[in-house]
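Protein chains in written order, with the working numbering: chain A, 1 to 409; chain B, 1001 to 1383.
Ideal placement from N, C-alpha and C gives every residue a C-beta, glycine not left out.
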Amino acid sequence: MPDVQSTVLEFVNKLRKRKIEGSQATARCTVELLRSVISQHRVPHANQASALIDAVKAVGEQLVAANPVELAVGNVVRRVLHIIREEDLSLTTAAMGGLDLLDASDDDEDVCNKGIGYPAMSAAVVAAAARSTLRPPSLQTLLEGTPESATVPYTSSSGADSESKTADKSSITRKLKHDVIESVNQLIHEIAGCHEQIAEQAIEHIHQNEVILTLGSSRTVLEFLCAAKEKKRSFRVFVAEGAPRYQGHLLAKELVARGLQTTVITDSAVFAMISRVNMVIIGAHAVMANGGVIGPVGVNMAALAAKKHAVPFVVLAGCHKLCPLYPHNPEVLLNELRSPSELLDFGEFSDCLDFGAGSGSPLLQVVNPTFDYVPPNLVSLFITDTGGHNPSYMYRLIADYYSADDLVM
Amino acid sequence: MWRRSASFILDERRSSNSPPMADTTRGGPFQNPDAISAYYQTRAAHHGVITSDWLAQAQAAVGGVSGEEQTVSPAAESGADKTFNVIEEFNGWRKQPDLAEAVAAIRALAAVIRASEATTMMELEIELKKASDTLKSWDKTSISLTAGCDLFIRYVTRTSALEYEDFNSAKSRLLERAEKFGEISCKARKIIAMLSQDFIFDGCTILVHGLSRVVLEILKTAAQNNKLFRVLCTEGRPDGTGVLLANELSKLDIPVKLLLDSAVAYSMDEVDMVFVGADGVVESGGVINMMGTYQIALVAHSMNKPVYVAAESYKFARLYPLDQKDMAPALRPIEFGIKIAAKVEVERSARDYTPPQYLTLLFTDLGVLSPSVVSDELIQLYL
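Written out as structure tokens, the structure reads:
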């Protein structure tokens, strides 16, 4: 375990010093780290899943605290937690189905009624009940039982295990880790391949002789546009430069290198040029639970311009960018303020800039936010690696990928 | 008399042939449940609002008129004994001010199960279905009643098919679940209050319309968490909900300001968010709530203020109103304080429909949802 601790600390340092750039790289490194934590964690026989969950949560909290702006870290930690819960559940139902069922219970009342000779229920019933604890609460499960019984299946599964006489017991408990690590590998594979998955859909959305507007530089957008170019669509791209980092310039260079006709415009020209544009495509930093988008500063302006001129506003986001939190949540840091030197030259402005202790000269303050929030009603379409979705559909993906218990860390 | 069409003259000619409207039967609300909504009458009774109607009833009751309930049920009832029990039972539960409408309905149906002499699941289901239809037809205007009945019947149908070989254990389980539903309802309010805490920030101004127990719970919890906020509440004529809510909130030391219903647009610029409850949440994601909610949502939308609806999940109903008049009319007597000339008509509808595009988020015990999720949930339940 000590070497895991040191790797964790190393990673936390890297995050704090912002040495890892980009949400995909961050997400990948986080998952790999969590995988090594899981594989090296020694689990007790009973309540395997909760031990793993606690271990992952402990590490996850540290990671999120190191870089709260990079929401992908939190997302990925919650994904892993959800995976652990799912795998445990499927193992439990498999175990239940195979063994002779005793008084395995799914409700608190049944636990009390045990002594009264409550009739044993079929394995299918218990499986169904156990499944309902992992599904997000819905109208269907409203009358079936209280959510507190979520903890009972864990103890009851281990209870049933200990009461069984088959020798499969130890192999089943060892399987959990193995299954979890397999699923985590799949997750890594998904994260690594998200660009290709998204780019595959480019051909459906970009048509011949279209004009696309984008802002700043996003690798997802680059791959998306190039994929359409490969399929012999000819179109033009307007790139808003994305001051003050001017990453739009880099994107424009890349696009020209791949043979696309590109035009560079200033951010302030977006409203002027929007009427000549067919579609706006941007990459997101994170997508919130209500369908709102956190993107590079300036996208809100592009979104408003697009809305005004009825231009479709398309957001590309890999699945590791889907965040189950709402933007009102105080845990979500919507913005990071970067160095003023990107905007103003220190040398020229040294007499005006506020260096702290009041010097009597006029004070000039510089605010350089990194991100912008786009409310969901301005977004036309989300393209994720699973396909194209409406902003109001985001809750569904989030319910699939995350468990409600993991929201607060 | 005022129909949808602008050519009301044609309507007048047409309507003079049809039977006269409920205006003339004000004296006996129980004899004509469709005219005056019993649901809103009960609510008014909870709030202690005294109307001339109520006074007339009280006098009649004192004058020794025997059990009004006997004139209740429309002719459709067979099995007279059972159905009286259901409606009486329901009215009994409904009178408790803290109990949600759907809970009262489910308790009434639980009473049906308890009193039932059925020996098979199928028989029990049929009895329940009949009782539920009776309840629904008695008060067509209450959406939570309909939704609660439907939900319970649905649960019974699904449970019986799967789980139990033994009838008695199934019956006892159903009874136990029905009784637990009251707890679920209370718990739902707590869950909703917890979910909405993040949305109330220090120094915010909240506009509240109507007296929803869920919204009250939300504000109570926020006050307990030492959040600093103030509340503007609309007067809420004719129920006078604003004054009641203001009194409740001042007990909790929350700064409250009362507004006339017409002063909402005037005050909307200093408001940060609007909180309303719901009588029912319809399939499109819109809500049916006390008259005035639609107006407030329109004003809030035009000024970019979020409108949050707090509703328990059992209020989801399989209705899809296309406009305001597309629902069963729920009328309520309105007092103006001075005498109105005989020919003047009064718009007595007690509720309106707010379409989903004016709502921002729904706080339910299923989580924080956007309006489009409602149809998804209903499909999952009914398919």
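Considering only heavy atoms of the ligand MN, does any lie closer than 6 Å to the CB of A/Gly193? The ligand MN is absent from the structure shown, which contains no ligands of any kind.
Can you name the residues of chain A whose CB is closer than 7 Å to the CB of B/Tyr1314? Counting from one through the second sequence, the residue named residue 1314 of chain B turns up at place 314. Neighbours of B/Tyr1314 on chain A, chain order: Leu142.
Any 3 or more C-beta pairs closer than 8 Å across the region 376–386 of chain A and the region 40–50 of chain A: no
Are the beta-carbon atoms belonging to B/Ile1143 and B/Ala1317 less than 7 Å from one another? Position 143 of the second sequence, counting from 1, holds the residue named residue 1143 of chain B. Position 317 of the second sequence, counting from 1, holds the residue named residue 1317 of chain B. A contact, by the Cβ cut-off of 7 Å.
Looking at chain B, is there any beta carbon in it that lies within less than 7 Å of the beta carbon of A/Asn75? Position 75 of the first sequence, counted from the first residue, corresponds to residue 75 of chain A. By this cut-off, A/Asn75 is not an interface position.
Between B/Leu1400 and B/Phe1090, how many whole angstroms is the CB-CB distance? I'm expecting something under 8 Å. The structure shown does not extend to residue 1400 of chain B, since chain B spans only 1001 to 1383, so no value can be given for it.
Can you pull out the residues from the region 1193–1217 of chain B whose beta carbon lies closer than 7 Å to at least one beta carbon of chain A? Asp1198 and Phe1199
Kindly indicate if chain A contains any beta-carbon less than 7 Å away from that of B/Ser1370. As a working note, residue 1370 of chain B is residue 370 in the second sequence. B/Ser1370 counts as touching chain A.
A/His195 - containing alpha helix (DSSP H), residue span: One-based indexing of the first sequence puts residue 195 of chain A at position 195. Residues Cys194 to Glu200.
If A/Ser39 and A/Thr7 are in contact, beta carbons under 8 Å, what's the gap, nearest whole angstrom? The residue you call residue 39 of chain A lines up with position 39 of the first sequence. The residue you call residue 7 of chain A lines up with position 7 of the first sequence. A/Ser39 to A/Thr7, Cβ: 12 Å. No contact.
What do you get for A/Asp54, buried or exposed, if any count of 16 or more other CB atoms within 10 angstroms of its CB means buried? By 1-based counting over the first sequence, the position of residue 54 of chain A is 54. Classification for A/Asp54: exposed.
Taking 7 Å as the CB-CB cut-off, is B/Val1062 touching chain A? Taking the first residue of the second sequence as position 1, residue 1062 of chain B is located at position 62. By this cut-off, B/Val1062 is not an interface position.
Is the shortest distance between the beta-carbon of A/Tyr401 and the beta-carbons of chain B less than 7 Å? Reading the first sequence from its first residue, position 401 is the one you call residue 401 of chain A. Not an interface residue.
First and last residue of the beta strand (DSSP E) that includes A/Asp400? Position 400 of the first sequence holds residue 400 of chain A. Taken as a continuous stretch (DSSP letters only), A/Asp400 belongs to no beta strand (DSSP E), being part of the alpha helix (DSSP H) at Met394 to Tyr401.
Residues of chain A with CB closer than 7 Å to the CB of B/Leu1322, please, in chain order. Stepping through the second sequence from its first residue, residue 1322 of chain B is reached at position 322. Ordered by position in chain A, no residue passes the 7 Å Cβ test against B/Leu1322, which lies about 20 Å from the chain.
Would A/Cys194 be called buried (16 or more neighbouring beta carbons within 10 Å of its own) or exposed? Stepping through the first sequence from its first residue, residue 194 of chain A is reached at position 194. Counting Cβ neighbours within 10 Å, A/Cys194 comes out buried, since at least 16 surround it.
Chain-order list of residues whose beta-carbon lies under 7 Å from that of A/Ser392 (same chain, five-residue window excluded): Taking the first residue of the first sequence as 1, we reach residue 392 of chain A at position 392. Contacts found: Gly291.
Which ranges does the beta strand (DSSP E) cover as unbroken runs of at least 3 residues, wholly within the region 1279–1359 of chain B, from first to last along the chain? 1287–1290, 1307–1310 and 1351–1354
For A/Arg219 and A/Ala227, I'd like the C-alpha separation in whole angstroms. As a position in the first sequence, residue 219 of chain A is number 219, starting the count at 1. As a position in the first sequence, residue 227 of chain A is number 227, starting the count at 1. Cα to Cα, the separation comes out at about 12 Å.
My parser needs the beta strand (DSSP E) runs of 3 or more residues fully inside the region 1114–1186 of chain B; what are they? none
Leaving aside the five residues before and after A/Val43 along the sequence, list all residues of the same chain whose C-beta is less than 7 Å from its C-beta, in chain order. Here residue 43 of chain A is taken as the residue at index 43 of the first sequence, counted from 1. Hits under 7 Å: Ala51, Leu52 and Lys177.
Taking Cβ-Cβ distances shorter than 9 Å, what residues in chain B pair up with A/Asn300? Position 300 of the first sequence holds residue 300 of chain A. What A/Asn300 touches in chain B: nothing, since even the nearest Cβ is about 14 Å away.
Short CB-CB distance (under 7 Å) between A/Asn368 and chain B: Here residue 368 of chain A refers to the residue found at position 368 of the first sequence. For A/Asn368, the answer is no, since every Cβ of chain B falls outside 7 Å of its Cβ.
Take the Cβ of B/Lys1119 as the centre, count every other Cβ of all protein chains shown within 10 Å, and call the residue buried at 16 or more, exposed below. Within the second sequence, the letter at position 119 stands for residue 1119 of chain B. The sequence given here places Thr at residue 1119 of chain B; Lys does not occur at that position. Classification for B/Thr1119: exposed.
Taking DSSP as the reference, what is the three-state secondary structure of B/Tyr1039? In the second sequence, counting from the first residue as 1, residue 1039 of chain B sits at position 39. In this structure, B/Tyr1039 counts as helix in the three-state DSSP scheme.
With a threshold of 7 Å between beta-carbons, can A/Tyr246 be considered close to chain B, or not? Counting from 1 along the first sequence, the entry for residue 246 of chain A is found at position 246. Output row for A/Tyr246: interface = no.
Beta strand (DSSP E) containing A/His249: first to last residue? Counted from its first residue, the first sequence places residue 249 of chain A at position 249. It is not in any beta strand (DSSP E) - A/His249 instead sits in the alpha helix (DSSP H) that spans Gln247 to Ala257.
Start-to-end residues for the beta strand (DSSP E) that takes in B/Leu1369: Along the second sequence, one-based indexing puts residue 1369 of chain B at 369. Note, B/Leu1369: beta strand (DSSP E), Gly1367 to Leu1369.
Just to make sure I have the definition right: I need the residues of chain B whose C-beta is within less than 7 Å of the C-beta of A/His328. Which are they? As a position in the first sequence, residue 328 of chain A is number 328, starting the count at 1. Those are Asp1198 and Phe1199, listed as they occur along chain B.
Identify whether B/Phe1201 lies in helix, strand or coil by the three-state DSSP scheme. The residue given as residue 1201 of chain B occupies position 201 in the second sequence. B/Phe1201 falls in the coil class under three-state DSSP.
If I measure Cβ to Cβ from A/Lys307 and keep anything under 6 Å in the same chain, skipping five residues before and after, which residues do I get? What you label residue 307 of chain A is simply residue 307 of the first sequence in a count that begins at 1. Once the five neighbours on either side are set aside, the close Cβ partners of A/Lys307 are Leu378.
What separation, rounded to the nearest whole angstrom, lies between the Cα atoms of A/Thr266 and A/Gly347? Start at 1 with the first residue of the first sequence, and residue 266 of chain A comes out as number 266. Start at 1 with the first residue of the first sequence, and residue 347 of chain A comes out as number 347. Each residue's alpha carbon lies about 25 Å from the other.
Can you name the residues of chain A whose CB is closer than 8 Å to the CB of B/Leu1361? As a first step, residue 1361 of chain B must be located in the second sequence, where it is residue number 361. Here the neighbours are Asn290.
Do you know how far the Cα of A/Val332 is from the Cα of B/Met1291? Along the second sequence, read from residue 1 onward, the residue named residue 1291 of chain B stands at position 291. Along the first sequence, read from residue 1 onward, the residue named residue 332 of chain A stands at position 332. C-alpha separation (whole angstroms): 37 Å.
Give me, in chain order, the residues of the same chain whose beta-carbon lies closer than 6 Å to that of B/Ala1223; leave out the 5 immediate sequence neighbours on both sides. Within the second sequence, residue 1223 of chain B is the residue found at index 223, counting from 1. These residues qualify, in order along the chain: Leu1252 and Ile1254.
Beta-carbon contacts of B/Glu1248 that lie in its chain and below 7 Å, excluding the five residues immediately before and after: Sequence index remark: in the second sequence, residue 1248 of chain B carries index 248 (1-based). Only Leu1216 meet the Cβ criterion.
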